[in-house]
Amino acid sequence: MAMEIALPVSLCTSVKPFKTGRRIQGNKIHRSVRKQDVKRYERYLEVGAWKFIQNFTVAHATGHNRTTPNPYKLAFIKETFVLPSTNLGDGNYLMLASYKQIHDGKVNESILHDIIGQVINVGPMEEVDMQNQKQKKLEIKLGMEGSYQCFQ
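Counting in the numbering used here, the sequence shown runs from 189 upward without gaps.
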């Protein structure tokens, strides 16, 4: 009988695409699923839920709208399994940016940031070309409670 050796756990911020056979742990990393595989995985993945994910590839996170500052993302493959996990932490996983940081240009515009504010105005849904594909765009004007300062 062969004895299986458990791999040490690494934080998701230390993931590199050239490594294989890692166990990673962390609070936030972007993941991509091919369009034809969305139905297969959607029932296993809920926002804010901890999961064990086995058999995936690691690739560079590129593009203008990255979801995390992590330079890499997980890509699901045909052999990927998603298994339930107990909650490993109750931390706040929002990447909050202040209105001042955004206004002063002190945030990376290639990364999506979480922001809390009161919705002041919602514009019409528009179709725009992004990287030779039609995308929907919704412009929302946010304001801080008790302030006239707004971000759009």
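All residues carry an ideal CB built from backbone N, CA and C; glycine is no exception.
Span separating the alpha-carbon of residue i from that of residue j
| i | j | result |
| --- | --- | --- |
| F269 | N243 | 7 Å |
| Y287 | M318 | 26 Å |
| G305 | E314 | 22 Å |
| K329 | G251 | 24 Å |
| A237 | K322 | 31 Å |
| S220 | N296 | 21 Å |
| V246 | E327 | 33 Å |
| Y336 | H291 | Note that Y336 scores a pLDDT of 47, beneath 50, so its modelled location is shaky and nothing firm can be said. |
| K324 | I241 | 31 Å |
| V235 | G331 | 26 Å |
| L300 | T256 | 7 Å |
| V310 | N320 | 26 Å |
| R254 | D225 | 21 Å |
| E267 | E230 | 16 Å |
| L271 | V316 | 37 Å |
| Q264 | P312 | It should be noted that the sequence gives Phe, not Gln, for residue 264. Distance between the alpha carbons of F264 and P312: 34 Å. |
| L262 | R228 | 16 Å |
| Q289 | S298 | 15 Å |
Pair within 7 Å by beta-carbon distance, residue i and residue j
| i | j | result |
| --- | --- | --- |
| A285 | I303 | yes |
| Y232 | A249 | no |
| S273 | K223 | no |
Bridge partner(s) assigned by DSSP for residue i
| i | result |
| --- | --- |
| L284 | D302 |
| V316 | Q323 |
| H291 | DSSP, once it has assigned bridges, lists no residue as partnering H291. |
| T245 | A263 |
| V270 | I241 |
| R254 | I299 |
Cβ of residue i within 7 Å of any chain D Cβ
| i | result |
| --- | --- |
| K288 | Chain labels in this structure do not include chain D; a single protein chain is all it has. |
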